[in-house]
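Numbering (my numbering), first residue to last: 898 to 968.
Let me begin by presenting the structure, written as C-alpha cells, before commenting on it.
As C-alpha cells, then:
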C-alpha cells in the first residue's frame, strides 16, 4: 500500500511516514485525520480501497496546497 501512496499524483513534495507496530496495526492519517484503520475495517484494504485512500490523500493535499498558496 505504501508503494501506491508513493506513486500517487499528489501535488508537490509531501512527507509520508510509516511507523511499524508489532501489534499489526495499520492506520492511515492525513493532516491529523484518520482515514483508515485496519482494525476498524476488519482487514487489510483491497486495491479498490487503496485507490479510494489515494484519492482522499490527493484531495487533502490539494486543499493544504491551496491554503498555503492563498496567503
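Each residue gets a CB set at the ideal place from its N, CA and C atoms; glycine is no exception.
All values reported here derive from a predicted model rather than from experimental measurement.
- In the three-state reduction of the DSSP assignment, residue 959 falls in the helix class, which pools H, G and I.
- Annotation for residue 938: the continuous alpha helix (DSSP H) segment containing it runs 935-938.
- Here DSSP, grouped into helix, strand and coil, assigns residue 914 to coil.
- Only buried fits residue 933, as 16 or more other CB atoms lie within 10 angstroms of its CB.
- Taking the Cα of residue 925 as reference, the smallest distance to any Cα among 900, 945 and 954 is reached at 954.
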